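Chains as they are written, first to last, in the working numbering: chain A, 118 to 228; chain B, 217 to 331.
Inspection log for the structure reproduced underneath, given as structure tokens.
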Amino acid sequence: DTAVSQTPKYLVTQMGNDKSIKCEQNLGHDTMYWYKQDSKKFLKIMFSYNNKELIINETVPNRFSPKSPDKAHLNLHINSLELGDSAVYFCASSLTGNEQYFGPGTRLTVT
Amino acid sequence: AQTVTQSQPEMSVQEAETVTLSCTYDTSENNYYLFWYKQPPSRQMILVIRQEAYKQQNATENRFSVNFQKAAKSFSLKISDSQLGDTAMYFCAFGGQGGSEKLVFGKGTKLTVNP
Numbered sequence: 118d119t120a121v122s123q124t125p126k127y128l129v130t131q132m133g134n135d136k137s138i139k140c141e142q143n144l145g146h147d148t149m150y151w152y153k154q155d156s157k158k159f160l161k162i163m164f165s166y167n168n169k170e171l172i173i174n175e176t177v178p179n180r181f182s183p184k185s186p187d188k189a190h191l192n193l194h195i196n197s198l199e200l201g202d203s204a205v206y207f208c209a210s211s212l213t214g215n216e217q218y219f220g221p222g223t224r225l226t227v228t
Numbered sequence: 217a218q219t220v221t222q223s224q225p226e227m228s229v230q231e232a233e234t235v236t237l238s239c240t241y242d243t244s245e246n247n248y249y250l251f252w253y254k255q256p257p258s259r260q261m262i263l264v265i266r267q268e269a270y271k272q273q274n275a276t277e278n279r280f281s282v283n284f285q286k287a288a289k290s291f292s293l294k295i296s297d298s299q300l301g302d303t304a305m306y307f308c309a310f311g312g313q314g315g316s317e318k319l320v321f322g323k324g325t326k327l328t329v330n331p
């Protein structure tokens, strides 16, 4: 009965590779988000989608491409991975009032 | 743009005592939401408490309560009867009025509850 799930939870890969992180929510929310948490624990928004439409696209390199096949799913694809992409990536979802529920996070390590 | 400041990078408290975590924010909006999230070592982000800016009454959730001062743009979290399981990073976050607004987070306060 997980509310917001992400796969994988851990991802170790080499520089230059392409990888994807998947997110699914079963809360019936219509807005989903991707946040990045850096090594100093700072959390920052990357993208948000509302009913499959891109709403927020912060200053993120275009190597990062979100895709929302339906309003319950928001995936993140990263091309040509760099060392600086190493971080924890959180998916979140919300319905109203900005009360966002977070997934367990994906720790990405680029070597 | 909104900013959120948590001026205490680390704090510690003895079990069963009370601790207050500080948060200030800056915004030109009149209606918004404020949140405290907890991130234990498990990494999961857990919503602790939320406050709507239009409500004067401070929010409470069991041992957690806030002191919301809208004019001063201050939003502190009080944890009463601290428990070992309260050990975690605590993040203050600002959310705009719209349903799809991003959350702007502070840098967090690392709280340790000592036995």
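We put the beta carbon where it would ideally sit given N, CA and C, even for glycine.
Here the structure is a predicted model, which means the values were calculated and not measured.
For residue i, I'd like the list of residues in its chain whose CB is within less than 7 Å of its CB, leaving aside the five on either flank, ordered along the chain.
i	result
asparagine 174 (chain A)	Phe164
valine 329 (chain B)	Val229, Glu231, Ser298, Gln299, Leu300, Asp302 and Thr303
asparagine 168 (chain A)	Asp147 and Lys188
serine 286 (chain B)	One detail in the question is off: residue 286 (chain B) reads as lysine in this sequence, not serine. For lysine 286 (chain B), where only same-chain residues beyond five positions count, the Cβ hits under 7 Å are Ala269.
glutamate 233 (chain B)	Ser298
phenylalanine 287 (chain A)	Residue numbering for chain A in the displayed model covers 118 to 228; residue 287 (chain A) lies beyond these limits and cannot be assessed.
proline 225 (chain B)	Thr325 and Lys326
glutamine 142 (chain A)	Ala120, Val121, Met149, Ala189 and Ser210
Could you tell me which of the options sits nearest to residue i, measuring between CA atoms?
i	options	result
arginine 266 (chain B)	B:Ser258, B:Ala287 and B:Lys294	B:Lys294
valine 282 (chain B)	B:Lys323, B:Tyr249, B:Ser258 and B:Lys326	B:Tyr249
glutamine 154 (chain A)	B:Lys323, B:Pro331 and B:Leu327	B:Lys323
threonine 243 (chain B)	B:Phe310, B:Gln222, B:Thr325 and B:Lys318	B:Phe310
glycine 145 (chain A)	A:Leu193, A:Ser182, A:Lys188 and A:Leu160	A:Lys188
threonine 228 (chain A)	A:Asp202, A:Val121, A:Gln123 and A:Phe181	A:Asp202
valine 235 (chain B)	B:Phe280, B:Ile262 and B:Val264	B:Phe280
isoleucine 172 (chain A)	B:Leu327, B:Glu277, B:Glu317 and B:Phe251	B:Glu317
asparagine 247 (chain B)	B:Met227, B:Lys326 and B:Gly312	B:Gly312
glutamine 236 (chain A)	A:Leu200, A:Gly222 and A:Ser182	Any answer about residue 236 (chain A) is impossible in this case: the structure gives chain A only from 118 up to 228.
lysine 184 (chain A)	A:Ser137, A:Gln217 and A:Thr124	A:Ser137
valine 264 (chain B)	B:Glu245, B:Ser258, B:Cys308 and B:Leu319	B:Cys308
Considering only DSSP beta bridges, list what residue i is partnered with.
i	result
lysine 184 (chain A)	A:Asn192
cysteine 239 (chain B)	Cysteine 239 (chain B) is not bridged to any residue.
glutamate 226 (chain B)	B:Lys326
glutamine 217 (chain A)	In DSSP, glutamine 217 (chain A) forms no bridge with anything.
methionine 261 (chain B)	In the DSSP output, where bridge partners are listed per residue, methionine 261 (chain B) has none listed.
glutamine 285 (chain B)	B:Ser290
leucine 144 (chain A)	DSSP lists no partner for leucine 144 (chain A).
threonine 332 (chain B)	As shown, chain B starts at 217 and ends at 331. That puts residue 332 (chain B) outside it, with no answer to give.
For my contact list, residue i and residue j are in at a C-beta cut-off of 8 Å; report their separation, rounded to the angstrom.
i	j	result
cysteine 239 (chain B)	phenylalanine 291 (chain B)	5 Å
alanine 209 (chain A)	valine 129 (chain A)	Contact doesn't hold; Cβ gap of about 24 Å is too wide.
tyrosine 166 (chain A)	leucine 191 (chain A)	6 Å
In its own chain, which residues sit with a C-beta less than 6 Å from the C-beta of residue i, not counting the 5 before and 5 after it?
i	result
arginine 224 (chain A)	Tyr127 and Val205
valine 177 (chain A)	Met163
tyrosine 241 (chain B)	Val220, Lys289 and Phe310
tyrosine 152 (chain A)	Leu160, Ile162 and Phe207
isoleucine 191 (chain B)	For chain B, the structure presents residues 217 to 331; residue 191 (chain B) sits outside this window and is missing.
phenylalanine 284 (chain B)	Gln267, Asn274 and Phe291
Ignore the nearest five residues each way along the sequence and tell me which others in residue i's own chain have a CB closer than 8 Å to its CB.
i	result
lysine 133 (chain A)	Checking the displayed sequence, the identity of residue 133 (chain A) turns out to be glycine instead of lysine. Around glycine 133 (chain A): Ser197 and Leu198.
serine 223 (chain B)	Ser238 and Thr240
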